[in-house]
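These notes concern the structure reproduced below.
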Amino acid sequence: MANRYINRAIAAVWSEEAGRVRRVLDLSVGGGDTSRILSGKGFEVVATEYLVPPVLGPTILRLGGVNLNDPLPLKDNTFDGVNLVEVIEHVEHQPQLIREIGRVLKDNGVVVISTPNVLNMFSRLRFLFTGFLRGRVRPLHYRHKPEMAHNIYLIHFYELYYLLFHYGFEVAELRKTRIRFGSPLLAVFLYPFMWLFSFLSIIRPEKDPLQRRINWQILTAFLKPPLLFSDNIVVKAKKVR
């Protein structure tokens, strides 16, 4: 669920696209906060929801009955931008969704995705001591069926990077949301070891030049503040092919 920190980051990312992007598809909008943010910045917004989107005002087109595990009921090359906020971790068919986003986007279109950051410092420590990660800190409740379970399909940044790469996107920007007190202090002690062990396991063994370059890009992202410290990450990617 989006909070004010996430909404602030989303607003900042889309502000950079003002004047270049006109029509934005906001997927599974929930209460509609992000759709209102986008509309307030002058974008033409189409808001979807699994059931019925809330009333969002006369300038926002609403589209209900959109299951993100199915193909999007929209034409090819229709939108300049797609917004997916705190949703992908609920979607079973994530590769299909990224592919569908690429289909409905125009060339050089932008997708903005936010999701719980399972790679931040506290999440890594939590996994060490409990086996659970940021976004799902205890077992899923047995009463909830998979289609209604909370954050059942958590996705790591490197998995998202992989899907975006293969479906025609290039990651352009990472943004932080909330940074909890104490997380940067942990990094002071652990950062040198994280860099060393990551280099030895991710970079050094790789012989393929292209894969080695990609590994460097991912490792560089791993060791930047958004992935090290932020509760959630906001990823902006551009459709390049």
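So for the sequence shown, the numbering used here puts the first residue at 131; every next one is plus one.
Every residue gets a Cβ at the ideal spot worked out from N, C-alpha and C, and that includes glycine.
None of the values given here were measured: they were computed from a predicted structure.
- Message: Please classify Arg166 as buried or exposed, where buried requires at least 16 neighbouring CB atoms within 10 angstroms.
- Response: In this structure Arg166 is buried. Its beta-carbon is surrounded by 16 or more other beta-carbon atoms within 10 angstroms.
- Query: When you compare only the Cα positions, how much space is there between Gly194 and Ile243?
  - Reply: Taking the straight line from one Cα to the other gives about 20 Å.
- Query: Is it true that the region 196-216 meets the region 225-239, where meeting means three or more beta-carbon pairs spaced less than 8 Å apart?
  - Reply: The region 196-216 vs the region 225-239: in contact.
- Query: Going by the beta-carbon positions, is the gap between Asn362 and Ile140 smaller than 8 Å?
  - Reply: Not in contact: Asn362 and Ile140 (Cβ atoms no closer than 8 Å).
- Have a look at Thr307 and Leu358 and give me their C-alpha separation to the nearest angstrom. If you take the alpha carbons of Thr307 and Leu358, they lie about 12 Å apart.
- Item | Selection from Ser169, Asn199, Gly170, Lys171 that minimises the alpha carbon distance to Tyr180 | Of the listed residues, the one whose Cα sits closest to Tyr180 is Asn199.
- Task: Reducing DSSP to helix, strand and coil, say where Phe311 ends up.
- Result: In this structure, Phe311 counts as coil in the three-state DSSP scheme.
- What number of angstroms, rounded off, separates the C-alpha of Ile282 from the C-alpha of Arg266? Distance between the alpha carbons of Ile282 and Arg266: 8 Å.
- Message: Beta-carbon within less than 8 Å of Asn345's beta-carbon, same chain only, minus the 5 sequence neighbours each way: which residues are those?
- Response: So the qualifying residues of the chain are Ile332, Ile333, Glu336.
- Does the Cβ of Thr260 have 16 or more other Cβ atoms within 10 Å, making it buried, or fewer, making it exposed? Exposed, by the Cβ-count rule.
- Task: Specify the secondary structure class of Arg273 as computed by DSSP and reduced to three states.
- Result: Coil.
- So Ala142 and Val215 are in contact, right, with Cβ under 8 Å, and what is the actual spacing, rounded? Between Val215 and Ala142 the Cβ distance is about 13 Å, and since that is not below 8 Å, they are no contact.
- Message: Between the alpha carbons of Leu349 and Pro188, how many angstroms are there, rounded?
- Response: Roughly 45 Å between the two C-alpha positions.
- Message: Can you tell me whether Glu300 sits near the ligand GTP, meaning its C-beta is under 7 Å from at least one heavy atom of the ligand?
- Response: Ligands in the displayed structure: none, and consequently the ligand GTP is not present.
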